[in-house]
Amino acid sequence: MGGGGRRDRDLSPTEEQISPPGLILLSDQEIANLSDAQFKTLVIRKLTELIDFGCKLDEEMQVAIKEMKEDAQRANSDGKETGSQNNRVNQKEAKNNQAGNHDEIRIQKNEEKLRSLQYIFKHSNIRIIGVPEGEEEEQQAEELFEQITKENFPILAKEIDFQEVQESQRVPRKLDPRGNTPRHIIITLAKVKMKEKNPRSSKR
Numbered sequence: 001m002g003g004g005g006r007r008d009r010d011l012s013p014t015e016e017q018i019s020p021p022g023l024i025l026l027s028d029q030e031i032a033n034l035s036d037a038q039f040k041t042l043v044i045r046k047l048t049e050l051i052d053f054g055c056k057l058d059e060e061m062q063v064a065i066k067e068m069k070e071d072a073q074r075a076n077s078d079g080k081e082t083g084s085q086n087n088r089v090n091q092k093e094a095k096n097n098q099a100g101n102h103d104e105i106r107i108q109k110n111e112e113k114l115r116s117l118q119y120i121f122k123h124s125n126i127r128i129i130g131v132p133e134g135e136e137e138e139q140q141a142e143e144l145f146e147q148i149t150k151e152n153f154p155i156l157a158k159e160i161d162f163q164e165v166q167e168s169q170r171v172p173r174k175l176d177p178r179g180n181t182p183r184h185i186i187i188t189l190a191k192v193k194m195k196e197k198n199p200r201s202s203k204r
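Start counting the sequence shown at 1; every next residue gets the next number (UniProt numbering).
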């Protein structure tokens, strides 16, 4: 237990906070038995978690980009300083090589971290439940997703770019192919776009 606490302290605050929204731990039958109020509450909570998750990822990406720029500037500054001290190259060669390797490792870690965040950020899925089978044939699932979001969550709808829907599909019926509960629709967003906040506008 003590070892786990030490590992937690090694993580930065942003790394501790970032985690994908949890799954809905309800069966299809339990979801079908929910009242309208319970169903809307569940959907609002999950969409809110998704928006918060996207905001945290965006903040972490900005921090990683800032660190990469600072590392690049530091490495460039170290290179200029070394060039102006040619008479002491032999004495500082080992130290400069070590510092250069350290900067290179940090830059590589930041790049890997940024790529990982971008991958997660670009593959966010939204699950739509309760849509009768065949309804998406009359109306595209992407349009259903946009319509449901705008009707029930107009504020959240402004934070999502509906043009970035990559694909939509029904989940396979695994247990009972004759079940009368509608299968969920999975909406895959190619990229979740969050609007940038303007500090000046917020002050006004």
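Even glycine gets a Cβ: it sits at the ideal position worked out from N, Cα and C.
*asked:* In whole angstroms, give me the CA-to-CA distance for Ala157 and Lys150.
replied: 5 Å
_Going by DSSP, what residue range makes up the alpha helix (DSSP H) through Glu30?_
Asp28 to Ala32
*Would you tell me roughly how many angstroms separate the C-alpha atoms of Asp176 and Ile185, rounded to the nearest one?*
Residue confidence is low: Asp176 scores 49 on pLDDT, short of 50, so the model does not pin down where it sits. Its coordinate-derived value is still stated next. Near 17 Å, if we compare the C-alpha coordinates of Ile185 and Asp176.
*Is Arg170 helix, strand or coil by DSSP?*
strand
*Rounded to whole angstroms, what's the CA-CA distance from Met61 to Glu112? Just pull it up for me.*
11 Å
*Just the C-alpha distance for Arg74 and Ile128, rounded to the nearest angstrom, thanks.*
48 Å
*Spatial distance of Val131 from Thr181 (CA atoms)*: 10 Å
*Residues near Arg106 in its chain [Cβ-Cβ closer than 6 Å; skip 5 each side]*: Answer for Arg106: Asp71, listed in chain order.
*Flag this pair as yes or no: are the beta carbons of Asn33 and Ala64 separated by less than 9 Å?*
no
*So, is Gly134 buried or exposed, given that buried needs 16 or more other C-beta atoms within 10 angstroms?*
Counting every other CB atom within 10 Å of its CB across the protein chains shown gives Gly134 a total below 16, marking it as exposed.
*Comparing alpha-carbon positions, which option in Cys55, Ile148, Ile44 and Glu142 lies nearest Arg170?*
For Arg170, the closest of Cys55, Ile148, Ile44 and Glu142 by C-alpha to C-alpha distance is Glu142.
*From the DSSP output, in three-state form, read off Thr149 for me.*
helix
*When the Cα atoms are used, what is the spatial distance from Asp103 to Asn76?*
11 Å
*Assuming Ala153 and Ile31 make a contact with CB atoms under 8 Å, what is their CB distance in whole Å?*
Per the sequence shown, the amino acid found at residue 153 is Phe instead of Ala. The Cβ separation is near 18 Å, so there is no contact.
*Exposed or buried, which one is Leu26 when buried takes at least 16 other CB atoms within 10 Å?*
exposed
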